[in-house]
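The next block holds one structure in the form of structure tokens; read it before the comments.
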Amino acid sequence: MFGFLLQRHHFVYLKNYLDFLVLLPPVLDLMKNASATWRQQGHTLVTPPDVNKLKVLSSFSAGYLNRLTSEIQKLDRQCDSVISDVNIFFEELRAAIKDAPGSGIRMSVNSLDHRKFTLFVSDKFIALPPTNVDGLLHELALRLIYLGSDVGEVKSQMRELNLDIHTIFFNFIDTLALDMCLCHRGQTKLDHYNFRGGVFLPGMKQITPKAQLVELEKIYRKASSAINNMNDFLFGLRYFADSAGRELIARNRKMNLGGLVLKLSGISLFVAEIDVLSEQIKIWSKT
168 MFGFLLQRHH FVYLKNYLDF LVLLPPVLDL MKNASATWRQ QGHTLVTPPD VNKLKVLSSF
228 SAGYLNRLTS EIQKLDRQCD SVISDVNIFF EELRAAIKDA PGSGIRMSVN SLDHRKFTLF
288 VSDKFIALPP TNVDGLLHEL ALRLIYLGSD VGEVKSQMRE LNLDIHTIFF NFIDTLALDM
348 CLCHRGQTKL DHYNFRGGVF LPGMKQITPK AQLVELEKIY RKASSAINNM NDFLFGLRYF
408 ADSAGRELIA RNRKMNLGGL VLKLSGISLF VAEIDVLSEQ IKIWSKT
């Protein structure tokens, strides 16, 4: 349901945005110097871009994008681990019920030996080491909930990135399209930077000022679209992980093995959705 939100071209859009951010600071310095020169020549300048603010924002955004790759790779590994934990536990539970004497599905959950489950030999527990099957279920629930929480952390980075991109482009694009000075109406800042200062936007030396503004708009629009889609994708991943974990937490502690199988069957639907989305994450992390 959410997988379509994450496509390969979205990664290309973000890479183009990152490339632009990396090349932007030295261009901003040149623009600042050019503005200072014209002011010294007696021109009454319209407010120039806030170079220092833009440099800080572009640095933060570039940092977010660079860290995003490692964060996504970490999520990829975490998804694989949690999916494997749930699926293996479910398979082992079904096998244990099948091998149980008599009517296994009517037995209590804790009648099974928790030490025979793969999850019990885990080298790291979120909570205390389980002492029964119910404890194993609680551990599974926590792993799902923690996955959702970690997805939420990445999602918060996307939110910051989204805020920064709007600030950068609205402060930058809008300013470049304004007149350079009060004494020369109709000549934009970008016109002056290009033709009098020899300053061009990153990778745009061969095109006109008007075309450069169009390219800036494209970078902004496409990067914003990619960020919004990724944000929605992460919302879906967090929803399924958190829902599965909380559904498991809310189980009836008095249910028998048959009831537990039914409960896990429902939870498996959430986990299947996580599995589908994790495949998209693999594409993301390798792009």
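To convert, note that position 256 of the sequence shown is 423 in our numbering; the numbers rise steadily by one, no gaps.
All residues carry an ideal CB built from backbone N, CA and C; glycine is no exception.
For D217, no beta strand (DSSP E) encloses it, and the DSSP letter there is neither H nor E. Residue pairing for C348: DSSP places it in a beta bridge opposite L212 and H351. Q354 and P376 have their alpha carbons spaced roughly 11 Å apart. By the Cβ neighbour-count rule, H333 is exposed, with fewer than 16 other Cβ atoms within 10 Å of its own. About 6 Å separates the CB atoms of E327 and Y231; that is less than 8 Å, so the two are in contact. Between the C-alpha atoms of S225 and K182 there is a straight-line separation of about 14 Å. Apart from the 5 residues on each side of it in sequence, L345 sits with its Cβ closer than 7 Å to the Cβ of V213, T355 and K356 in its chain, given in chain order. Ranked by how close their Cα comes to the Cα of K322, the residues L295, N395, A378 and F257 have N395 in first place. Your pair R405 and G319 checks out as a contact, with CB atoms roughly 5 Å apart and the cut at 8 Å. In its chain, beyond the 5 residues on either side, F284 and T285 have a beta carbon closer than 7 Å to the beta carbon of E259.
Pairing V276 with D409, the inter-Cα distance amounts to about 23 Å. In the structure shown, N423 falls within a strand segment according to DSSP collapsed to helix, strand and coil. In summary, G403 is buried, with 16 or more beta-carbon neighbours lying within 10 Å of its beta-carbon over all protein chains present. When secondary structure is reduced to three states using DSSP, S275 falls in the strand class. Counting only residues of its own chain and dropping the five nearest sequence neighbours on each side, I293 has a CB closer than 6 Å to the CB of L309. DSSP places G230 in the helix class (H, G or I) of the three-state scheme. Q207 and P192 have their C-alpha atoms some 23 Å from each other. Contact fails between the region 364-371 and the region 419-427, because fewer than three Cβ pairs, one in each stretch, are under 8 Å apart.
The beta-carbon distance between V249 and L279, rounded to whole angstroms, is 22 Å. This is too long to meet the 8 Å contact definition. Sorting Y387, I441 and G315 by C-alpha distance to the C-alpha of Y180 places Y387 at the top. Here D331 is buried: its Cβ has 16 or more other Cβ atoms, across all protein chains shown, within 10 Å. In the DSSP assignment, K291 falls outside any alpha helix (DSSP H) and carries neither an H nor an E. Here the alpha carbons of D341 and F187 stand approximately 17 Å from one another. Apart from the 5 residues on each side of it in sequence, E440 sits with its Cβ closer than 6 Å to the Cβ of F407 in its chain, given in chain order.
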